[in-house]
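Participant:
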Amino acid sequence: MLVTLFDQGLVSIASFVTNFLLLHHFSDAKSHYAYYTLAFNLMIWAAELQNTLVITPHTILTPRLRGAALRRFHGSTLVQSIVVSIGTMLLTAVGGLIAVGRDRELSLVLFALAAGAVAIGLRNYARPYAFAARRPTVAAILDLAVSALQIGGVLLLAYTDALSAWTAVATVGAAAAVPSLVWLFVQRHHFHPRLGHAIEDYKIEWPNTRWVFLSGMLWNGGMQLYPWLILICSGQPEVAVWGACYQLACVANPLMMGLQNFIGPRIAEAYAEMNRGAFASYVAKIATFACLLMTGPAVLLSIYADTALQWLTKGQYQGHQQAITLLCAMIVFQAITFTLSRGLFALNRADLDLYCNILPLLILFTLGIWATTAHGVDGAAASMLAAQLLSGLSRGVFFFWALKRPAVNRAELLPSAVGAPAARGAA
8 MLVTLFDQGL VSIASFVTNF LLLHHFSDAK SHYAYYTLAF NLMIWAAELQ
58 NTLVITPHTI LTPRLRGAAL RRFHGSTLVQ SIVVSIGTML LTAVGGLIAV
108 GRDRELSLVL FALAAGAVAI GLRNYARPYA FAARRPTVAA ILDLAVSALQ
158 IGGVLLLAYT DALSAWTAVA TVGAAAAVPS LVWLFVQRHH FHPRLGHAIE
208 DYKIEWPNTR WVFLSGMLWN GGMQLYPWLI LICSGQPEVA VWGACYQLAC
258 VANPLMMGLQ NFIGPRIAEA YAEMNRGAFA SYVAKIATFA CLLMTGPAVL
308 LSIYADTALQ WLTKGQYQGH QQAITLLCAM IVFQAITFTL SRGLFALNRA
358 DLDLYCNILP LLILFTLGIW ATTAHGVDGA AASMLAAQLL SGLSRGVFFF
408 WALKRPAVNR AELLPSAVGA PAARGAA
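Using the working numbering, the first residue of the sequence shown is number 8, and each one after it goes up by one.
As structure tokens, this is what we get:
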């Protein structure tokens, strides 16, 4: 657990330093930081696409496979991950071509993002792979190398006065490339990649993965479209303010993401090892523990974050205490939502998680549009908090209802699972 938290700390520190070097560098020109905020938002979308299509099924099914079956499955998910990254690269490049002649800075940002898509995708695959394989030290070494390269690259760009939104995005991709390729070379013996196997395995995974995918896209739509909504309603300066407030509220992300990296695989393993009564108790305890653990940092950030923001931006960003407080509260409840979501995935009821994620999208297009138009960043933060509360409550109801229904173990259906031990979660 400590190694997991240390690893996530590295990732979050790299993101934090990158964001606030940009904030400090562009404190008098908010539009430049706004472009990086939008690019960072697109990285979140790409990561969620990969997570829902590849990483979540990998995390859930890995504990139920052994030996050659596991190596084949690892190879299949690696191929799937690369295919998803290539698709992301092509879509982003098309966006860059569309932006040419309309917004030069945006087109450069999109091209830079496309260039680094495969490297970032490989790094995003390597981390959860290491956690699922119970090798968090490998993830920590990888992230230490990536973080050092990313922070060093941004500092060099700032020193040479070459720092901009698109060069910062290019640095993120370049920093991920070499360490990720080294990781793949070192870990190559754990993979048996074949395109045919990847297609065959994915056909078996798809009946449940489709719900994970649709659920993730709905969730992202309800929670990650706010920068674009703010851009439409209030313009680029407010997008920069939103990015700054959001990044400060996420200072506790090392703890949150470390918990998620630890909780996700453990819940999948608990379902494979426990009867349903013990599994329900385990998920409830984990959700309560995660919420309590996040409360302390959220309170401290709510008190001091606005002051820190003013200092970091030389007084250019101030008066945003309310937005930061609302976002901190949202992150606390996110700990509960994530735990219950992974409980539903372990039960192979991602379809129920999908229904829960309709609520944030409805709130975005009702309360979100009105509140953002009327109150800017504060309204957007309040809408996100409301979405998190309602989706968490609905997940709790569905989780305990699903426990009473028959279970399906899709790992037993995989061709690669021949001879693998059966899960005991249905007992």
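We put the CB at the ideal spot given by N, CA and C, even for glycine.
1. What residue range does the alpha helix (DSSP H) around S88 cover?
2. So for M230, helix, strand or coil by DSSP?
3. For C257 versus L334, is the C-beta spacing smaller than 9 Å?
4. Would you check if the distance between the CB atom of N364 and the CB atom of G271 is smaller than 9 Å?
5. Quick one: Cα of S154 to Cα of K411, how far?
6. My output table needs one value for D360: the three-state DSSP class, helix, strand or coil.
7. For S390 versus L366, is the C-beta spacing smaller than 9 Å?
8. Using three-state DSSP, classify M391 as helix, strand or coil.
9. How many Å lie between T344 and L60 at the Cα?
10. Report buried or exposed for R111, applying the criterion of at least 16 other Cβ atoms within 10 angstroms of its Cβ.
11. What's the gap between the Cα of A353 and the Cα of V107?
12. Quick one: using the 10 Å Cβ neighbour count with 16 as the cut-off for buried, is F269 buried or exposed?
13. Need the endpoints of the alpha helix (DSSP H) that T302 sits in, please.
14. Just checking my contact of H31 with L319 at CB under 8 Å: how many whole Å lie between their CB atoms?
15. Would Q325 be called buried (16 or more neighbouring beta carbons within 10 Å of its own) or exposed?
16. So, F118 versus G103, is the Cβ gap smaller than 9 Å?
17. Is V61 close to chain D? Criterion is C-beta to C-beta, closer than 9 Å.
18. Going by DSSP in three states, H199 sits in which element: helix, strand or coil?
19. Going by DSSP in three states, G322 sits in which element: helix, strand or coil?
20. Measure the beta-carbon distance from L162 to P186 and round it to whole angstroms, keeping in mind my assumption that it falls under 8 Å.
21. Specify the secondary structure class of L30 as computed by DSSP and reduced to three states.
22. Do the segment 76-90 and the segment 183-199 make contact, defined as three or more Cβ pairs closer than 8 Å?
23. Could you give the DSSP three-state label for R349: helix, strand or coil?
24. Does the count of Cβ pairs from the segment 16-25 and the segment 91-101 closer than 8 Å reach three?
25. Let me check understanding here. Comparing Cα to Cα, which of I310, E212, W226 lies closest to I370?
26. Leaving out five residues before and five after G123 in sequence, what residues of the same chain have Cβ atoms less than 8 Å from its Cβ?
27. Measuring only the C-alpha atoms, how far is Q194 from A169?
28. Is the separation between the beta-carbon of S19 and that of M264 shorter than 9 Å?
29. So, at 7 Å on beta carbons, what are the nonlocal neighbours of A393 in its own chain, with the 5 sequence-adjacent residues on each side left out?
30. Relative to the alpha-carbon of G350, which residue among R273, T380, M301, I376 has its alpha-carbon at the smallest distance?
31. Do you know how far the Cα of E212 is from the Cα of L72?
32. So is V189 buried or exposed if we call it buried at 16+ other beta carbons inside 10 Å?
33. If we call anything under 9 Å between Cβ atoms a contact, is L68 one with A205?
34. Fully enclosed by the segment 156-222, which alpha helix (DSSP H) runs are 4 residues long or longer?
35. Are there 16 or more other CB atoms within 10 angstroms of the CB of R109, so buried, or fewer, so exposed?
36. From A21, L120, M301, pick the residue whose C-alpha is nearest to that of G160; which is it?
Facilitator: Taking the coordinates as given:
1. Here the question's residue 88 lines up with position 81 in the sequence shown. It spans 74-106 - the alpha helix (DSSP H) in which S88 sits, taken as one unbroken run.
2. By one-based count along the sequence shown, residue 230 stands at place 223. In the structure shown, M230 sits in a helix (DSSP, three-state: H, G or I).
3. The residue labelled residue 257 in the question sits at position 250 within the sequence shown. The residue labelled residue 334 in the question sits at position 327 within the sequence shown. It is a contact, given that the beta carbons lie within the stated cut-off.
4. By one-based count along the sequence shown, residue 364 stands at place 357. By one-based count along the sequence shown, residue 271 stands at place 264. No, they are not a contact pair.
5. Counted from its first residue, the sequence shown places residue 154 at position 147. Counted from its first residue, the sequence shown places residue 411 at position 404. Their backbone Cα atoms lie some 45 Å apart in a straight line.
6. Residue mapping note: residue 360 aligns to position 353 of the sequence shown, counting from 1. DSSP places D360 in helix when its eight states are reduced to three.
7. Here residue 390 corresponds to residue number 383 of the sequence shown, with the count starting at 1. Here residue 366 corresponds to residue number 359 of the sequence shown, with the count starting at 1. Cβ distance not < 9 Å, so S390 and L366 don't count as in contact.
8. Stepping through the sequence shown from its first residue, residue 391 is reached at position 384. Three-state result, M391: helix.
9. Stepping through the sequence shown from its first residue, residue 344 is reached at position 337. Stepping through the sequence shown from its first residue, residue 60 is reached at position 53. Roughly 20 Å separates the two Cα atoms.
10. In the sequence shown, residue 111 corresponds to position 104, counting from 1. R111 is exposed by the Cβ-count criterion.
11. Reading the sequence shown from its first residue, position 346 is the one you call residue 353. Reading the sequence shown from its first residue, position 100 is the one you call residue 107. A353 and V107: Cα-Cα distance of roughly 44 Å.
12. If you number the sequence shown from 1, residue 269 lands on position 262. So F269 counts as buried.
13. As a working mapping, residue 302 is identified with position 295 in the sequence shown. 283-319 is the extent of the alpha helix (DSSP H) around T302.
14. Within the sequence shown, residue 31 is the residue found at index 24, counting from 1. Within the sequence shown, residue 319 is the residue found at index 312, counting from 1. 6 Å between Cβ atoms; contact.
15. Within the sequence shown, residue 325 is the residue found at index 318, counting from 1. Exposed.
16. Against the sequence shown, residue 118 aligns to sequence position 111. Against the sequence shown, residue 103 aligns to sequence position 96. Cβ distance < 9 Å, so F118 and G103 count as in contact.
17. The chain inventory of the structure shown lacks chain D, comprising one protein chain alone.
18. For the purposes of this step, residue 199 is taken as residue 192 along the sequence shown, with counting starting at 1. H199 falls in the coil class under three-state DSSP.
19. Counted from its first residue, the sequence shown places residue 322 at position 315. Residue state, collapsed to three classes: coil.
20. Reading the sequence shown from its first residue, position 155 is the one you call residue 162. Reading the sequence shown from its first residue, position 179 is the one you call residue 186. About 18 Å separates the two Cβ atoms, so there is no contact after all.
21. One-based indexing of the sequence shown puts residue 30 at position 23. L30 falls in the helix class under three-state DSSP.
22. yes
23. For the purposes of this step, residue 349 is identified with residue 342 of the sequence shown, where counting begins at 1. In the structure shown, R349 sits in a helix (DSSP, three-state: H, G or I).
24. no
25. In the sequence shown, the residue the question calls residue 370 occupies position 363. Ranking the options by Cα distance to I370, first place goes to W226.
26. If you number the sequence shown from 1, residue 123 lands on position 116. Within the same chain, G123 has close Cβ partners V176, A177, V179, G180, A181, A183, A184.
27. If you number the sequence shown from 1, residue 194 lands on position 187. If you number the sequence shown from 1, residue 169 lands on position 162. So the two alpha carbons sit approximately 36 Å from each other.
28. Stepping through the sequence shown from its first residue, residue 19 is reached at position 12. Stepping through the sequence shown from its first residue, residue 264 is reached at position 257. Closer than 9 Å, so yes.
29. Here the question's residue 393 lines up with position 386 in the sequence shown. Taken in chain order, the residues that qualify are I370, L374.
30. Numbered from 1 along the sequence shown, position 343 holds the residue referred to as residue 350. Checked all of R273, T380, M301, I376; the closest Cα to G350 is R273.
31. Position 65 of the sequence shown, counted from the first residue, corresponds to residue 72. Position 205 of the sequence shown, counted from the first residue, corresponds to residue 212. Looking at the two C-alpha atoms, the distance is approximately 14 Å.
32. The residue labelled residue 189 in the question sits at position 182 within the sequence shown. Classification for V189: exposed.
33. As a first step, residue 68 must be located in the sequence shown, where it is residue number 61. As a first step, residue 205 must be located in the sequence shown, where it is residue number 198. Not a contact, by the Cβ cut-off of 9 Å.
34. 172-193
35. Translated into positions along the sequence shown, residue 109 becomes position 102. So R109 counts as exposed.
36. Indexing the sequence shown from 1 puts residue 160 at position 153. Among A21, L120, M301, the Cα nearest to that of G160 is on A21.
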